[in-house]
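Engineer:
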Amino acid sequence: MKMSLSDRKERLLVELRAAGIGDEAVLSVLSDIPREEFIPRALRRQAYENAALPINSGQTISQPYIVAYMTEVLNVTKKHIVLEVGTGSGYQAVVLARLCRRLFTVERHLQLLSAAEKIFKKLGIFNITTLFGNGMKGWPEQAPFDRIMVTAASEEIPENLPAQLKDGGIMVIPVGAQGKVQHIVRLTRRGDDFHREDLLPVKFVPLLSGIVHDS
Ligand code: SAH
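Numbered by my numbering, the letters in the sequence shown go through residues 1 to 215 in order.
Here it is, written out as structure tokens:
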């Protein structure tokens with residue numbers, strides 16, 4: 001039987017609920033955003049599989065469950081200024097932008113960033129500001145942020161990032177070496193203290209320094 005993309009999307013949402021995603025705002029945004037726009041044309045039939053998929057520059061668009069999970073644990077509201085490190089396809093950026101006031105996103109591959117910017121325009125999303133650069137440094141000119149999400153894995157939490165959180169702010173980041181178990185770590189800032197929680201085990205592409213002019 002041939003299933004339409006919208007049937008596949010419905011099936012994915014059922015799967016995400018069954019897997020424990022309960023935040024209606026997050027589910028509603030995932031249901032609104034056309035994930036097929038963010039992946040290579042040849043893979044569009046797979047847009048609503050609960051799987052990570054390859055994008056350009058050897059990177060991946062994260063698995064929908066992980067996007068939903070990281071968004072849910074970040075606890076984003078319409079008042080928040082949010083930083084994302086690792087724009088990639090731009091999908092997670094749009095998910096966050098729909099839930100927050102303004103999203104700043106940094107990507108080290110120019111080719112990916114240019115493609116993502118085109119999709120933001122096409123979808124009519126105007127509260128995203130992009131930067132081609134090394135997001136390990138955060139974005140000091142725009143800091144402090146209410147929320148920070150890093151979508152590439154790092155062995156250690158880059159020290160510049162927590163410092164760019166507001167008091168009470170939250171950051172989520174996959175932490176761990178490549179080929180080893182990584183965990184989504186959630187840091188909550190309380191004054192000069194950072195409360196750390198190690199959450200879900202995951203597998204992410206690496207957070208790397210430097211920039212790549214590949215377009
Ligand atoms: N959020 C993306 C996930 C892409 S994979 C999405 O929804 O598609 C992680 C991305 O992080 C890759 O595009 C990679 O190039 C980028 N990245 C890795 N290290 C980075 C760094 N130091 N600064 C900015 N981007 C980085």
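Yeah, the Cβ is synthetic: ideal placement off N, Cα and C, and Gly gets one too.
Is Glu107 near Gly86, with beta carbons less than 8 Å apart?
Structural biologist: yes
Engineer: Quick one: is Arg147 buried, meaning 16 or more other Cβ sit within 10 Å of its Cβ, or exposed?
Structural biologist: Buried, by the Cβ-count rule.
Engineer: Please classify Ile170: does DSSP put it in a helix, a strand, or coil?
Structural biologist: strand
Engineer: Using a Cβ-based criterion (distance less than 7 Å to any ligand heavy atom), does Ala152 qualify as near the ligand SAH?
Structural biologist: yes
Engineer: Would you kindly work out how many angstroms separate the C-alpha atoms of Arg196 and Leu161, rounded to a whole number?
Structural biologist: 14 Å
Engineer: Rounded to the nearest angstrom, what separates Val175 and Glu155 at their Cα positions?
Structural biologist: 5 Å
Engineer: Starting from Glu197, trace the beta strand (DSSP E) in both directions and tell me its first and last residue.
Structural biologist: The continuous beta strand (DSSP E) containing Glu197 extends over residues 193-202.
Engineer: Give the single residue among Gly179, Leu199, Glu84 whose Cα lies nearest to the Cα of Arg186.
Structural biologist: The residue with the shortest Cα to Cα distance from Arg186 is Leu199.
Engineer: Is it the case that the CB of Thr71 approaches a heavy atom of the ligand MN more closely than 7 Å?
Structural biologist: Inclusion of the ligand MN in the displayed structure is not the case, the ligand content consisting of the ligand SAH alone.
Engineer: Would DSSP call Gln46 helix, strand or coil?
Structural biologist: Correct three-state label for Gln46: helix.
Engineer: Any contact of the segment 29-40 with the segment 113-131, i.e. 3+ C-beta pairs under 8 Å?
Structural biologist: yes
Engineer: Taking the DSSP output, what are the residues bridged to Ser209?
Structural biologist: The partner list for Ser209 (beta bridge, DSSP) is empty, contrary to what the question assumes.
Engineer: Apply the 10 Å Cβ neighbour rule to Ser89 and answer buried if 16 or more other Cβ atoms are within range, or exposed otherwise.
Structural biologist: Buried, because 16 or more other Cβ atoms sit within 10 Å of the Cβ of Ser89.
Engineer: Could you tell me if the beta carbon of Asn50 falls within a distance shorter than 7 Å of some heavy atom in the ligand SAH?
Structural biologist: No, the beta carbon of Asn50 sits no closer than 7 Å to any heavy atom of the ligand SAH.
Engineer: Could you check whether the Cβ of Asn160 sits closer than 7 Å to any heavy atom belonging to the ligand SAH?
Structural biologist: no
Engineer: Within 10 Å of its beta-carbon, does Lys2 have 16 or more other beta-carbons around it, so buried, or fewer, so exposed?
Structural biologist: Exposed.
Engineer: Alpha carbon to alpha carbon, what distance is there between Asn56 and Gln46?
Structural biologist: 16 Å
Engineer: With Leu96 and Glu84 assumed to form a contact (beta carbons below 8 Å), what rounded beta-carbon distance in angstroms separates them?
Structural biologist: Rounded, the Cβ-Cβ distance is 6 Å, consistent with contact.
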